[in-house]
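If you want this note's numbering, it's the 1-based position in the sequence shown plus 60. Think of the CB as a built atom: it goes at the ideal place given N, C-alpha and C, for glycine as much as any other residue. As the structure is a computational prediction, the values presented were derived from the model and not from experiment. Here is the structure we will look at, set down as structure tokens.
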Amino acid sequence: MAKEIERITVPQIDWDEFVEKAKAIYERLKPQLLPQYKGWMIAIEPESGDYALGRTTTQARIALQQRHPGKVFFIMRVGYRAAGKL
Numbered sequence: 061m062a063k064e065i066e067r068i069t070v071p072q073i074d075w076d077e078f079v080e081k082a083k084a085i086y087e088r089l090k091p092q093l094l095p096q097y098k099g100w101m102i103a104i105e106p107e108s109g110d111y112a113l114g115r116t117t118t119q120a121r122i123a124l125q126q127r128h129p130g131k132v133f134f135i136m137r138v139g140y141r142a143a144g145k146l
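In structure tokens, the structure reads:
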């Protein structure tokens with residue numbers, strides 16, 4: 061017997077607006093975060109402005125996901141322009 065596939069709804073997101081909002085929130089928070097949390101990861105939920113910090117991407121994401129299940133987050137490394145390097 062075939063197993064039924066769970067269907068999820070993917071939100072329609074204006075990615076330019078999403079990133080712009082998240083970066084504005086980060087810039088507002090940055091003076092409070094540096095230098096203590098430099099190198100930590102920050103996950104931001106742009107609609108609410110809520111955020112979570114973690115030493116890893118997973119820690120930050122899970123902390124915010126508990127408060128905002130089903131949402132999409134913007135994640136970056138505090139004090140850097142990118143979350144990691146290639």
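Would you mind giving the Cβ-Cβ distance between residue i and residue j, rounded to the nearest angstrom? I have them listed as a contact below 8 Å.
i	j	result
G130	G99	With a Cβ gap of about 29 Å, G130 and G99 do not count as contacting.
Measure the C-alpha to C-alpha separation of residue i and residue j and round it to an integer number of angstroms.
i	j	result
K90	E105	16 Å
I135	E66	27 Å
W75	F133	11 Å
G93	E87	Here residue 93 is Leu; the residue named in the question, Gly, does not match the sequence. For L93 and E87, the distance between alpha carbons rounds to 10 Å.
E77	Q125	21 Å
R137	K63	40 Å
Tell me which residues share the same chain as residue i and place their Cβ nearer than 8 Å to its Cβ, disregarding the 5 neighbours each side in the sequence.
i	result
A123	A103, A112, L113, G114
I73	V132
Just mark residue i as buried or exposed, buried being the case when its beta carbon has 16 or more other beta carbons within 10 Å.
i	result
A84	exposed
Closer than 7 Å by C-beta to residue i: which residues in its own chain qualify, once you throw out the five before and the five after it? Chain order, please.
i	result
Y97	L113, V138
Who are residue i's beta bridge partners in DSSP?
i	result
G114	M101
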